[in-house]
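There are 2 protein chains.
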Amino acid sequence: MKKLKDRIVQDGRILPGDILKVDSFLNHQMDPELLMEIALCFKEKFKNIEANKIVTIEASGIAPAVMLGYVMKLPVVFVKKKVPSTMENMLVRDVRSYTKKRIYTVSISADYLTADDHIIFIDDFLAYGNAARGIIDLCAQSGSTIEAMGFVIEKGFQGGGDALRREGYDVVSLAIVDQIENSQVIFRENDD
Amino acid sequence: MKKLKDRIVQDGRILPGDILKVDSFLNHQMDPELLMEIALCFKEKFKNIEANKIVTIEASGIAPAVMLGYVMKLPVVFVKKKVPSTMENMLVRDVRSYTKKRIYTVSISADYLTADDHIIFIDDFLAYGNAARGIIDLCAQSGSTIEAMGFVIEKGFQGGGDALRREGYDVVSLAIVDQIENSQVIFRENDD
């Protein structure tokens, strides 16, 4: 998605350790008009996908997922990064975060992820794919089917996306960063 | 907002301890079309407000805030419920949660909340008003101005909204639950 890549080049910041920060428009401060364009781009990519629900993970997956739910007229469920004390009937899984070097627990109500569901998983970032692995496990627990996965930005050099593709998952990323070199972002050539 | 109140009556669940659960359409599973109608209702209520930014708090404030940002053409920033290790220049404040009986830390980048900002604060629920107090403090730290606050559901019987109104804040709630009696929700009469 050219407009997204242009925005990453224009407003993204590279921190020491090749960390790409997009918190001025995507995952802290958010540009709702860009999010709508992202949603329309995902909708076009998923036009042949039969899904009845969108699943995302808090917190920064929620904005693109809700916009996509709006344009695709589908409900959205967000997976929580904890096990809420006031919720029952939860599906639960531990996820290892490489970025934050810790293990966190993700959970979703079994009321909203069932064997009848065909889902599209949406998140802002795909790096090593650990959050996606958590979702795959929650879907397996519930008997639901993952029809596709969509990520706003994929860090191709961390390999999570290509591993998922090799396993047969339909993974769409609107901007794939293959390298960060001399504080420059180098995108993978793709048709997005 | 009649459609919201009808939806609360239809799909809300009352748990022991007078807890109102709306996790089938608002804060776990989300109905994006309802969220758009909520956003349009807020936009109408805030038509005389001069604001340049919407501020919300993760996680369940993000969806209504982003929809409102879209219809009002304003950027949205979400306050984090922790202090991220990879972010600098953060404004920080402790907030006491009565519901969860614990203290959590909220934070926002000082890059995205400044003395130039005139904000609308949006959240899904207003109960005792502790999250709102945290936002008020972050805004004071940054020198920004709170022009209005909008909540999808206010639990009137917990008093946070009326206290904020007495202090002069422009507080808009689209559904105010004044009582839960015999598992029935009783709404405050208002023009929403």
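Sequences listed follow chains Y and G, in order.
Here the working numbering is used: position 25 in the first sequence is 1071, and no number is missing along the way.
Here the working numbering is used: position 35 in the second sequence is 1081, and no number is missing along the way.
Here a beta-carbon is modelled for each residue, glycine too, at the ideal position from N, C-alpha and C.
Considering only the beta carbon of each residue, do ILE1166 of chain Y and GLY1196 of chain Y sit closer than 8 Å?
-> In this structure, ILE1166 of chain Y places its C-beta atom within 8 Å of the C-beta atom of GLY1196 of chain Y.
Under 9 Å by beta carbon: chain G residues contacting GLU1200 of chain Y | By Cβ distance, chain G contributes nothing, its closest Cβ being about 18 Å from GLU1200 of chain Y, past 9 Å.
Within its chain, find whatever has a CB closer than 7 Å to the CB of ARG1211 of chain G; leave out the 5 residues flanking it on each side and keep chain order.
-> Within its own chain, the residues whose Cβ lies closer than 7 Å to the Cβ of ARG1211 of chain G, once the five positions on either side in sequence are excluded, are VAL1217, listed in chain order.
Top-ranked residue by Cα proximity to LEU1086 of chain Y, from Y:TYR1116, Y:ILE1065, Y:LYS1099 | Comparing alpha-carbon positions, the option among Y:TYR1116, Y:ILE1065, Y:LYS1099 lying closest to LEU1086 of chain Y turns out to be Y:TYR1116.
Answer with yes or no whether the minimum CB distance from ILE1062 of chain G to chain Y is below 8 Å.
-> Here residue 1062 of chain G turns out to be Pro, not Ile, going by the sequence shown. Output row for PRO1062 of chain G: interface = no.
In the DSSP assignment, find the beta strand (DSSP E) that holds LEU1184 of chain G and state where it starts and stops.
-> Counting along the chain, LEU1184 of chain G sits inside no beta strand (DSSP E); it lies in the alpha helix (DSSP H) bounded by residues 1176 to 1188.
With 8 Å as the threshold, decide whether the Cβ of PHE1124 of chain Y is near any Cβ in chain G.
-> Chain G places a beta carbon closer than 8 Å to that of PHE1124 of chain Y, counting this residue as a contact.
Going by C-alpha distance, which of G:ILE1199, G:VAL1129, G:GLN1225, G:LYS1051 is nearest SER1106 of chain G?
-> When only C-alpha atoms are compared, the closest one is G:ILE1199.
Hey, how far is the Cα of PHE1171 of chain G from the Cα of LYS1127 of chain G?
-> Answer to the nearest angstrom: the Cα atoms are 15 Å apart.
From G:ASP1064, G:ILE1100, G:ILE1108, G:VAL1101, pick the residue whose C-alpha is nearest to that of ASN1073 of chain G; which is it?
-> Out of G:ASP1064, G:ILE1100, G:ILE1108, G:VAL1101, G:ILE1108 has the C-alpha closest to the C-alpha of ASN1073 of chain G.
Using DSSP with H/G/I as helix, E/B as strand and the rest coil, what is GLY1115 of chain G?
-> The answer is helix: DSSP assigns GLY1115 of chain G an H, G or I state.
Between ASP1157 of chain G and the rest of its own chain, which residues show a CB-CB distance below 8 Å, the 5 nearest in sequence each way excluded?
-> The answer, listed in chain order, is ASN1135.
When we look at the beta-carbon of ALA1186 of chain Y and count the other beta-carbons within 10 Å, is it buried (16 or more) or exposed?
-> Burial call: exposed.
By Cβ distance, which residues of its chain are closer than 6 Å to ILE1154 of chain G, with the 5 residues on each side in sequence left out?
-> Cβ within range, chain order: VAL1125, LEU1137, LEU1184.
By how many angstroms is the C-alpha of GLU1104 of chain G removed from the C-alpha of HIS1164 of chain G?
-> Rounded to whole angstroms, HIS1164 of chain G to GLU1104 of chain G spans 20 Å at the Cα level.
Can you find a C-beta in chain G that's less than 8 Å from the C-beta of LYS1049 of chain Y?
-> The C-beta of LYS1049 of chain Y comes no closer than 8 Å to any C-beta of chain G.
Same chain only: Cβ atoms within 8 Å of MET1076 of chain Y, ignoring 5 sequence neighbours per side | Excluding sequence positions up to five before and after MET1076 of chain Y, its CB lies within less than 8 Å of the CB of ALA1109, all in the same chain and listed in chain order.
Spatially closest choice to ALA1178 of chain G from G:MET1118, G:ILE1232, G:TYR1215, G:ASN1098, by CA coordinates | The shortest Cα separation from ALA1178 of chain G among G:MET1118, G:ILE1232, G:TYR1215, G:ASN1098 belongs to G:TYR1215.
Same chain only: Cβ atoms within 8 Å of LYS1089 of chain G, ignoring 5 sequence neighbours per side = LEU1114, VAL1117, MET1118.
Buried or exposed by the 16-neighbour rule on C-beta atoms within 10 Å, applied to PRO1062 of chain G | Counting other Cβ atoms within 10 Å of its Cβ, PRO1062 of chain G stays below 16 and is therefore classed as exposed.
GLN1056 of chain G CB to nearest chain Y CB: under 8 Å?
-> Not a single C-beta of chain Y is nearer than 8 Å to the C-beta of GLN1056 of chain G.
Who pairs with LYS1099 of chain G in a beta bridge, going by DSSP?
-> DSSP output for LYS1099 of chain G lists G:ILE1165 as bridge partner(s).
Under 9 Å by beta carbon: chain Y residues contacting LYS1119 of chain G = In chain order, PRO1078, GLU1079 make up the part of chain Y whose C-beta sits under 9 Å from the C-beta of LYS1119 of chain G.
Compare the C-alpha of GLU1079 of chain Y against each of Y:LYS1049, Y:ILE1095, Y:LYS1067 and name the closest.
-> Minimum Cα distance to GLU1079 of chain Y is reached at Y:LYS1049.
Consult DSSP for GLU1200 of chain G and reduce its assignment to one of helix, strand or coil.
-> GLU1200 of chain G: strand per DSSP, three-state reduction.
CB contact below 8 Å: TYR1174 of chain Y versus chain G = Output row for TYR1174 of chain Y: interface = no.
How many whole angstroms separate the CB atoms of ALA1111 of chain Y and ILE1168 of chain Y, which I take to be in contact at a CB cut-off of 8 Å?
-> Contact holds; Cβ gap of about 4 Å.
Thinking C-beta only, is ALA1221 of chain Y closer than 8 Å to MET1082 of chain Y?
-> In terms of Cβ geometry, MET1082 of chain Y and ALA1221 of chain Y do not form a close pair [threshold 8 Å].
For ASP1162 of chain G, count neighbouring C-beta atoms within 10 Å of its own C-beta (all shown protein chains included) and say buried if the count is 16 or more, exposed if not.
-> Residue burial is scored here from C-beta neighbours: ASP1162 of chain G has fewer than 16 other C-beta atoms within 10 angstroms and is therefore classed as exposed.
Applying a beta-carbon distance threshold of less than 8 Å, which residues of chain Y neighbour SER1190 of chain G?
-> What SER1190 of chain G touches in chain Y: nothing, since even the nearest Cβ is about 13 Å away.
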